[in-house]
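Comments concern the structure below.
Protein chains in written order, with my numbering: chain A, 1 to 318; chain B, 1001 to 1301.
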């Protein structure tokens, strides 16, 4: 974590460009510039700035966004639920569809379904998702008119924010119109985001299942007359899960990275599009805070996945 | 040699091949790899000879011909096979020229990560101890970011341009190569031939680059091929976000970004660049998978 903070901080501060000048414009007078630099602490040596940054970070303070003068923590808090909701729905898509395709492919190896889903997953791994998003928009929004083009909720629908996960909020409040609307809005972006993880999970599930299905205890289970369904789901799948869970855990990095692209295309008001706008505006405070947050999240998720192993495989002790 | 060949059966013949030829034979039998090789071959050909093949200048604008649909549409015309964009530029010609840019991105950024990754990994694996700890810790930090995010941050502060995008993508994938090389070097280090060379007085440099690295090539070749795929994809993504190639450069991702506003009117401006990106990335991925099977059967997933 310390390493991440050092890297983020120095990468952002060592590059040329004066934030004070950027904020006030090129024709700002020297006095105002100096004042602002003092205010931002930019006049101090780098290591002092880093120390200040770290001590504030330890108190959960990421500073203020230079564009809006809002606290970065507040900005992140308002944008984060959107990304979380998107990522959760995407991972649900990816895991259910990916694992299902993988399991069916493995149990019917060399069938038409197997070939079809493996070809699809190869294409999925190579998919430029920013393009897929546009194509889905053309098909489902422009031509068929089934799904809304962008955003999280239609303008004419109001929803009292509780968790700011719109799907959950609308269920809590029993606001079914809002639920339906939110669902319509999230389907395309979530599917777009889930493409690459889905393909990877499908491939991993298939190879992991095939490996397990060759084991002796599977033959034993079949020999004692268990139904194929019981053998596949109770005996095989459980033992095939460990590599699959590892892969699912790794997908979060792809999800968080992909969220930047997906959110941009679908005008989804999440962390990804927020961060990108900060990048466009060269708001180095916001970029610094957002990057720190995403990297931290990423590390936390990896730890969580490690802990999950122990649940799935009692042989591994944490 | 011909005498040997005529006198032996096919099985014996295979035995007499060098490892390289053997790997080529295995690659040849792998259908997905061959499909990948064909696709990659086409793109390399387009990159090399694109300007000779392309029917139009990729930057030539013509307001009279703007937003022409592809040839199979009733309003399409033969001279603009895949249609034109909102400036009346020929889409097909732009895509062909884009191949050159994407291949260049692949070569440059993969070279950056291959060069620094190999050195870092070899040094870490060879000297071990605190050198190893420091180098690999830095690599872990780089890996702690989703690669596209790190690339975006790097480009944002270097300034958006194709050159900086290539540099960013190169930096972002250094850890992948470093890890592979380090692992292989650790494995090879204790082998007899290395100790023998050392006993003969070979320098560290010679040991690493003359003796150890040639034996770690297989996984590196695989990673390089797959690296091309991700470099092309990431460069297209950066350009799409406006952080890579700038208009009017005929880069596939930048073309997509330009076509975004047109999705209501001209589907082809968006569709074809995307398919091209997909095909190029798919080709390198297929080839990489096939190479992995052919060169290093242990790595098969």
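Beta carbons: idealized from backbone N, C-alpha and C, even for Gly.
The structure displayed is predicted, hence computed values, not measured ones.
Query, Result
"So, helix, strand or coil for residue 970 of chain B, using DSSP?", "The first residue shown for chain B is 1001 and the last is 1301, placing residue 970 of chain B beyond what the model contains."
"Could you tell me how far apart the beta carbons of residue 300 of chain A and residue 290 of chain A are, in whole angstroms, since I believe they sit closer than 8 Å?", "The Cβ separation is near 16 Å, so there is no contact."
"Determine, using beta carbons only, whether residue 1118 of chain B comes closer than 8 Å to chain A.", "no"
"Looking at the strands, I want to know which residues DSSP matches up with residue 71 of chain A.", "A:64"
"For residue 1386 of chain B, which option in B:1219, B:1195, B:1234 and B:1213 has the closest C-alpha, if you only look at C-alpha atoms?", "Outside the shown range of chain B, which is 1001 to 1301, sits residue 1386 of chain B, and nothing can be said about it."
"Going straight from the alpha carbon of residue 1290 of chain B to that of residue 1140 of chain B, what length do you get?", "28 Å"
"When you compare only the Cα positions, how much space is there between residue 1064 of chain B and residue 81 of chain A?", "48 Å"
"Taking all protein chains shown into account, decide if residue 272 of chain A is buried (16 or more other Cβ within 10 angstroms of its Cβ) or exposed.", "buried"
"Can you tell which of A:141, A:226 and A:194 has the C-alpha that lies nearest to the C-alpha of residue 93 of chain A?", "A:194"
"Quick one: using the 10 Å Cβ neighbour count with 16 as the cut-off for buried, is residue 146 of chain A buried or exposed?", "exposed"
"Using DSSP with H/G/I as helix, E/B as strand and the rest coil, what is residue 1084 of chain B?", "strand"
"Within its chain, find whatever has a CB closer than 7 Å to the CB of residue 1288 of chain B; leave out the 5 residues flanking it on each side and keep chain order.", "1222, 1225, 1226 and 1229"
"Give a yes or no on whether the minimum CB-CB distance between residue 257 of chain A and chain B is below 8 Å.", "yes"
"Chain C partners of residue 295 of chain A, CB-CB under 7 Å?", "The chain labelled as chain C is not found among the protein chains of the depicted structure, namely A and B."
"Which residues in chain B have a C-beta closer than 8 Å to the C-beta of residue 279 of chain A? List them in chain order.", "1152, 1153, 1156 and 1243"
"Skipping 5 residues on each side, what residues in its chain have a beta carbon closer than 6 Å to that of residue 1174 of chain B?", "1113, 1116 and 1117"
"Quick one: what's got a C-beta closer than 8 Å to residue 1075 of chain B's C-beta in the same chain, skipping five residues either side?", "1068 and 1069"
"Just the Cα atoms here: how many angstroms apart are residue 1027 of chain B and residue 158 of chain A?", "59 Å"
"For residue 267 of chain A versus residue 151 of chain A, is the C-beta distance shorter than 8 Å?", "yes"
"Just to confirm before moving on: does the CB-CB distance between residue 1256 of chain B and residue 1274 of chain B stay below 8 Å?", "yes"
"Assuming residue 190 of chain A and residue 167 of chain A form a contact by the criterion Cβ under 8 Å, report the distance between their Cβ atoms to the nearest whole angstrom.", "Rounded, the Cβ-Cβ distance is 10 Å, inconsistent with contact."
"Looking at chain A, which residues of the region 1266-1279 of chain B have a Cβ within less than 7 Å of any of its Cβ atoms?", "1267, 1270, 1271, 1274, 1277 and 1278"
"Indicate the three-state DSSP secondary structure (helix, strand or coil) for residue 156 of chain A in the structure shown.", "coil"
"Note down, in chain order, all residues in the region 113-147 of chain A with a beta-carbon under 8 Å from any beta-carbon belonging to chain B.", "122, 123, 125, 126, 127, 128, 130, 131, 132, 134, 135, 137, 138 and 142"
"How many whole angstroms separate the CB atoms of residue 179 of chain A and residue 187 of chain A, which I take to be in contact at a CB cut-off of 8 Å?", "With a Cβ gap of about 13 Å, residue 179 of chain A and residue 187 of chain A do not count as contacting."
"Between the region 1202-1215 of chain B and the region 1154-1173 of chain B, can you find at least three pairs of beta-carbon atoms closer than 8 Å?", "no"
"Near residue 252 of chain A, which residues of its chain fall below 7 Å by C-beta distance, leaving aside the five closest residues on each side in sequence?", "298 and 301"
"Compute the distance between the beta-carbons of residue 1172 of chain B and residue 1151 of chain B, then report whether it is under 8 Å.", "yes"
"Could you tell me which residues DSSP puts in a beta bridge with residue 169 of chain A?", "Residue 169 of chain A pairs with nothing; no bridge assigned."
"Quick one: grab the DSSP three-state call for residue 1090 of chain B.", "strand"
"Applying the 10 Å Cβ sphere with the 16-neighbour rule, what's the burial state of residue 284 of chain A?", "buried"
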